[in-house]
Structure formats: structure tokens, C-alpha cells
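A short worksheet on the structure shown next.
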Amino acid sequence: MSRLAVAELDAVHARLRAHVPAFAPGLIAVGLMLVWAVHDGGYDADTWYWGALATLATLAAVLIALGAERLRRSRLTIAAATLFGLYVAFSYLSISWAQSPGDALQGSNRALLYLLVFLLFASLPWTAEGALAALAVFAIGVGTIAIVLLFRLASADHVQRLVVEGRLLAPTGYFNSSVALFTIGTLLSITLATRRELRGLLRGLLIALACACLQLALIGESRGWLFTLPLVALATIALVTDRLRFVAASLLPIVAVLIPLHRLLAVYKSNGAASLNHAASRAGQLSLALCAAVFILATLIAWAETVARPRALSPLRRRQVGGLVAAFVLAASCGGALVATHGHPFSFVKRQWHGFVHPAGQGTTSSYFGVVGSSRYDFWRVSLDAVVAHPLGGLGQDNFSDYYITRRRTSEEPQWTHSLELRLLVHTGVIGFLLFGGFLATAIALAVRRRRLGATPRTRAAAGAALLALVVWLIHGSVDWFWEVPALSGPALGFLAMAGALTADTSAAVPAGAAQGSQGAQWRLRSREALQRVPGAAWIAGAGVALLAAVLVLALPYLSVREVSLATDVRATDSSAALKDLSRAAKLNPLSPVPGRLGGAIALQVGDYRTAEARFRQAIGREPGAWFGWLGDGLAASELGDRVRARHDFEVAYSINKVQPAVGQALARVGSKHPLTPAEAFQMFVIAQ
């Protein structure tokens, strides 16, 4: 090999070496986020618990590899991490007053997961190139998911699993979170496609993936997305560095959505499997064809820009062109809004407000965007009542469901408040709200500083792009439950940390002699270094204790969840093995009521009423505010001949949940010759939303 080739390889290796320390572990975290995305958004505890342990292991490896001396961070980073850590600690403290300590523990562990993600991304020495590469991997991953889903729609491949009630449910298992995920993918893909240093093929691919994501976001038909989209668009325009190029690059995806708009919306109108398959196939085929056309066109435009680089426009001409493009985008957006609202946007808003306050007034329309009715008003009404009743510490992490069910004016049984701000206030009170709000404000301030004052244009662009996931998560999540979806919260908080951790350009550093001219500058430098330098022994000891505590608090509940999952798999074929698995689960997590409830239900079904009684009493002791434990214990007592205790249990269950038919029937028939049997009760259960 010639010396020239060796020199070129050494140069490439040197360039890559600067990005590998951040990109390699960051790629693991990004890959984990994509795995969450295709596994119901990572919502199930069985999924995110092992993800939390993997994140913890990656963070530990990074800390060991980099060492304390290379982990010096700005004061804002330290302050943000401290506030987030205090919020998580306060969340664990809320277990002591929570009505359901098991739910509070699981919610606190989820908060710990997000803290670990933030710390991992904040600890890495991100370069602008490494950050842009990690963001590109995430955007391409989400876009690939979108393309696969479009192929499945086009080929009518198990569409009923993807589309429920006419709306796209996949891949996160929740309509609105899937829409939010594809919105993040759209914004990131368009932003990255404006980078001139990328190859033409990659830029064309990113625009095509943005088309696919935006098309699927529309099939999701999220009304919250429709209402918050203008705010998301404005925030995005404010954050991207080259606004004119971003708006221009947005034209192709927008046009590619407007062309098949009627076909995309027609998926909602389909009735029956055959009609759904036909509508999905037509929408998917046209969407894929448009994505292919956009890929070719965008690639050609990118290549043309590379070959014949256009002259830089004067500020006046840029404003003129930007105004024209913005006017076109605004007109296209208004046109889409008119189509979505059937030409009557103001009447649409009026109907939606009336339906928001009076959820019973729903009607049949040709699009879910036109559906009137929502239970959020009642969710938020009860949430505000909870804040007034428990202002300082809240109800305890993830303890909203039991509080709501006894105060509801709907038939729904939500677990979440459907608002990020209310979730903080309801679960952890004003104290938790201020701690997490302080964390967000500090982290955003640091990221915005990187966006405005980054050493290079590429650094500023990377910081702006990294904030886009947070924009969607924060704005749309203010009227929905996105905190509970790791596939959304992970990128939002992880990329926020990435933006703040972007390293300065060393070539722009101040010469050594310049520092000697100012004693004040030297004093500030020494004080900053003293603040950021942690003694090696103390750092190792503290990190070791924290690591051990995190492993214990995550591993034991995870093993309990795994035992519950194993019991669920074998309950139909081997009830005794399932009950043994649930006994181990209850011991591994002494706060969770789930093993007791599930074990009691299995014992009732096989006629082992003594075991059912013991398991349900265990569940009641761990969560006295849940109606199912009282009903199950009453059914077991009734079968054992203890009608007095059965009546008491049914009365408690009825005081909690008057909507379930089985509860009312059990109470009404407890003193009769034919009390409600467990088999009859299970057939009468109504699964609330």
C-alpha cells in the first residue's frame, strides 16, 4: 500500500476517532429507542425494564471508560442533572404516601430510566458530526418503520392489526403516540436533508422517508396532533438554522401528502375487513409510489445542487423567496385544514370545544378529525381536584387511576392524566412540578445556548435538530400521555441532553496567553474547574453506591414482571405452575398488587377458592383502592359460604366502581339462593378504555 493511501487512511481514522467515543454508545441508545418504537412504544414494563438495565450498563461503561477527569460539564448541565435526580428521588419518596405503592414504584423506575437516558447522552463528548450521525440513524430508523408499514398496508398484510377503528395504531400501540413518533421522524428527516455535506442519495432518502412518516401521521388522525401542529411548526422554524432551506425541503413531503389525501382519510371510513383492506391497499400503494418519486426528484435536486452550487442570495432576496415559500406552505396547510374540516374550520373548532366539554355528543363522520367528543375535560377536572386536595406532594407517582375512578363522570378508567403538566402536579405535587420544570428550563437554556452560540454552524445546526423531538413531546404531550411511552420520552430527553453536551470547536479556543490578561477570568476558570472536578476516590465510591442501588431497584421489579409474564403464558395449560410463578413475582416485588390479582383470578377459574381468597387479600393489602381485588375476594368468600364478608367486599367494590355490571350483580344477588358465580362474573366484565 502506498504512503499516500496509508496517509489517507490515517487521516480518516483520525477524523472518526474524534466522534467514536460519543457515537458508539449513543448508537446503542438510539438502537434501543427504535426497538422500543416497534414494541408498542416500549410501554409494557416487560420491555422498558430491560431497556433501563441496558441503559444503566451502557452509562456505567461510559463513566468507567471516560473517567472523572473527562466528564467535566458546564454548570448548567450539572444543575439540570441534579434537578432531574432530585425529581426522581422525590418520586421514590412519594411511595410512602401513595395509595398504590406498587404503581408508585413502577412509575419511579420509569422516571429513573429517563434520568439514565439523559445522563448517558449528557456524559458523552458529542461532536457536531457525531450528533448529526446519531440523529440520522434515528430518523432513518423511524422512516424505515414507516416504509415497512406502508408496504403492509399496500399488500393488505394483517391490516386489522395495524389499523383499529379506522386509525393507524402501529407501531406504538397507541394512535396519538404513533402520530407523534412519525412527526418527529418527519421533522428530523427534513432538517437533516438540508445539510449540504450529506451525499445526494442520503438526502433524497431522508426526504422520501419524511414523506412516508407524514403520510402515516395523517392516517393516525390524531385531533391533538392537528391542533398542536401549528405550534410545533412554529417552534421548529425557530430552531432550525437554515429556515429557508427547511421550508423549501418541506414542500415535497407536503405535496406528497396532499395528493393522496382523500385515500389516506378514506381508511377511516372503511367498514369491515374487506373494505379496510381495499382502502388501506389503495392508500399504501399510492403513498409508496409518491415516496419513490420524491426520492428520485429529491436526489436529483441534491445532486444538481452539488454540481452547480447556487449563488448565495442577498438578504433581501432571501427574505423575498422565504416569504413566497412560506406563503405557499401556509396556503397548503390551510388547504389541508379545510379538507380535514370539510370546508368549515370555525364550525369544526366550535364542535370540538362543545364535544370536549360534553363528551356524550359524539357523531359519525367521514374522518376522525371531525369526531366530536372527548373525556379529557373530565380527566383534567378530576386532575385539578387532586392538585387542590394534595398540592405539595401529589397522590404519589402513577396513582391517578384509583383517584379518578371514584370521581368520574364517564365510563372510562384512564391510568394517566393525558397532560404532561397535570401528570407532574397530580403525581408529585408542586414540589415535583418545580423540580422537573427547573430541570427542563435549565436543560433547554443550555441547548438553546448551543443553538445560538455554537462554535461552528454545524454545531448550531446539530443543537437545533436535537431539540425537535422535545418540541413534539412537550407541545403535543401537553394534551396527551407521552411521558409513559419510552419511544417518545427517550428521544425527547436524550436528544435534549445531546444538544447541551455538544463540544466546542477546539480550533476556536482562546490562546493560552490571553487568559493571563485578566485575573478575574483566571479566578472564574479556577472556580469552575474546582466545581467540576470530583476527587477520584469519592467519585468512584459515590458512583458505585448509585450503580448498586439502581441495579437493585430495577432488577427485582423486572424479575417480578418476567414471572408475571411467564404465568400469563402458561395459565391456560398449567394453572399450578402459573400460581407458583406469581408467588415468586409477589416476593420479588412486595409492593405490586398485580401478582395477587392475577393469581386470585386464576384460582377462581380453577375452583381453588382458598387460594383465590389469599391472593386477593394480598392484592387488597397492596392496593386497597382497586375494585377488582374486592370483587374477587367477595366471589371467593361467597363460594366458601361466607356471605357476610362477601357482602362487605361487594359493597366496597361497588363504592369504587358502580359502572361494572358484575359488581352490581354480585351485590344484588349475594343474599339470594343463586349468588353470582365467578364464571358468570368473568363473562360480564366490561373492559373500560
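The opening residue of the sequence shown carries number -1 in our numbering; numbering runs sequentially from there.
Using N, Cα and C, we set each Cβ at its ideal position, and we do this for glycine too.
Given residue i as reference, the closest of the options once Cα atoms are compared
{"i": "residue 87", "options": "403, 180, 105, 60", "result": "105"}
{"i": "residue 57", "options": "372, 593, 27", "result": "27"}
{"i": "residue 633", "options": "624, 625, 644", "result": "644"}
{"i": "residue 62", "options": "545, 386, 651, 569", "result": "545"}
{"i": "residue 71", "options": "664, 497, 627", "result": "497"}
{"i": "residue 475", "options": "606, 160, 463, 416", "result": "416"}
{"i": "residue 480", "options": "50, 172, 85", "result": "172"}
{"i": "residue 536", "options": "59, 65, 49, 34", "result": "65"}
{"i": "residue 121", "options": "624, 500, 195", "result": "500"}
{"i": "residue 391", "options": "51, 25, 97", "result": "97"}
{"i": "residue 164", "options": "272, 547, 47, 563", "result": "272"}
{"i": "residue 136", "options": "24, 269, 387, 449", "result": "24"}
{"i": "residue 402", "options": "472, 138, 146, 624", "result": "624"}
{"i": "residue 620", "options": "270, 102, 569, 566", "result": "102"}
{"i": "residue 469", "options": "446, 581, 573", "result": "446"}
{"i": "residue 542", "options": "48, 59, 44", "result": "59"}
{"i": "residue 146", "options": "213, 603, 332, 125", "result": "213"}
{"i": "residue 226", "options": "159, 478, 570", "result": "478"}
{"i": "residue 554", "options": "48, 565, 288", "result": "48"}
Sequence-distant residues of the same chain with beta carbon closer than 8 Å to residue i, five excluded per side
{"i": "residue 584", "result": "558, 590, 593, 594, 597, 616"}
{"i": "residue 53", "result": "27, 30, 111, 114, 115, 118"}
{"i": "residue 36", "result": "143, 169"}
{"i": "residue 638", "result": "607, 608, 611"}
{"i": "residue 653", "result": "404"}
{"i": "residue 679", "result": "629, 633, 660, 663, 664"}
{"i": "residue 506", "result": "Legend: pLDDT at residue 506 = 38, less than 50; position of this residue unreliable, value from coordinates given subsequently. Once the five neighbours on either side are set aside, the close Cβ partners of residue 506 are 453, 454."}
{"i": "residue 280", "result": "261, 264"}
Spatial neighbours of residue i in its chain, beta-carbon cut-off 6 Å, leaving aside the 5 residues before and after
{"i": "residue 399", "result": "413"}
{"i": "residue 128", "result": "17, 20, 21"}
{"i": "residue 99", "result": "93, 589"}
{"i": "residue 134", "result": "190"}
{"i": "residue 379", "result": "none"}
{"i": "residue 516", "result": "For residue 516, the predicted model reports a pLDDT of 44, less than 50, meaning its position is unreliable and no value from the coordinates is stated."}
{"i": "residue 74", "result": "440, 444"}
{"i": "residue 395", "result": "89, 92, 102, 105, 106, 425"}
{"i": "residue 241", "result": "235"}
{"i": "residue 618", "result": "627"}
Own chain residues within Cβ distance below 7 Å of residue i, not counting five before or after
{"i": "residue 491", "result": "112, 115, 116"}
{"i": "residue 466", "result": "182, 185, 186, 189, 234, 237"}
{"i": "residue 177", "result": "215, 218, 220, 223"}
{"i": "residue 198", "result": "297, 300, 301, 304"}
{"i": "residue 278", "result": "151, 154, 157, 161, 265"}
{"i": "residue 90", "result": "106"}
{"i": "residue 613", "result": "594, 597, 598, 601"}
{"i": "residue 195", "result": "none"}
{"i": "residue 179", "result": "35, 140, 170, 485, 486"}
{"i": "residue 43", "result": "104, 559"}
{"i": "residue 420", "result": "378, 381"}
{"i": "residue 672", "result": "none"}
{"i": "residue 422", "result": "430, 431, 434"}
{"i": "residue 562", "result": "580, 583, 592, 593, 596"}
{"i": "residue 564", "result": "579"}
Nearest-angstrom Cβ-Cβ length linking residue i and residue j, presumed shorter than 8 Å
{"i": "residue 389", "j": "residue 427", "result": "6 Å"}
{"i": "residue 40", "j": "residue 175", "result": "Not confirmed; about 10 Å, so no contact."}
{"i": "residue 424", "j": "residue 444", "result": "Not confirmed; about 28 Å, so no contact."}
{"i": "residue 206", "j": "residue 292", "result": "5 Å"}
{"i": "residue 629", "j": "residue 651", "result": "4 Å"}
{"i": "residue 648", "j": "residue 665", "result": "4 Å"}
{"i": "residue 78", "j": "residue 493", "result": "Incorrect: roughly 14 Å between the Cβ atoms, too far for contact."}
{"i": "residue 247", "j": "residue 192", "result": "5 Å"}
{"i": "residue 208", "j": "residue 258", "result": "Contact flag wrong, Cβ pair sits at about 15 Å."}
Residue i - partner residues in DSSP beta bridges
{"i": "residue 221", "result": "Per DSSP, none; premise fails for residue 221."}
{"i": "residue 385", "result": "Partner(s): none; residue 385 has no beta bridge."}
{"i": "residue 166", "result": "161"}
Residue-chain proximity (residue i, chain B), Cβ-Cβ < 8 Å
{"i": "residue 166", "result": "Reference to chain B is not applicable here, since this structure consists of a single protein chain."}
For this session: Jot down the residue ranges of each uninterrupted beta strand (DSSP E) in the region 271 to 311, minimum 3 residues, whole runs only, in chain order.
Result: Here no run is fully enclosed.
Problem set entry | Whole alpha helix (DSSP H) elements within the region 71 to 107, 4-residue minimum | 73 to 91, all fully within the region 71 to 107.
Exercise. Mind pulling the beta strand (DSSP E) runs of 3 or more residues that sit fully within the region 403 to 453?
Worked result: Those beta strand (DSSP E) runs which fall completely within the region 403 to 453 and span 3+ residues do not exist here.
Exercise. Curious, which full-length alpha helix (DSSP H) runs of at least 4 residues does the region 171 to 243 contain?
Worked result: Here the runs fully enclosed are 173 to 191, 198 to 218, 221 to 237.
For this session: Return the chain-ordered ranges of every alpha helix (DSSP H) run that is complete within the region 580 to 632 and spans a minimum of 4 residues.
Result: DSSP assignment within the region 580 to 632 yields the following whole alpha helix (DSSP H) runs of 4 residues or more, N-terminal first: 592 to 604, 607 to 620.
Problem set entry | Runs of alpha helix (DSSP H) wholly within the region 35 to 67 (minimum 4 residues, chain order) | Secondary structure in the region 35 to 67: the alpha helix (DSSP H) runs of 4 residues or longer, each lying completely within the stretch, are 43 to 64 in chain order.
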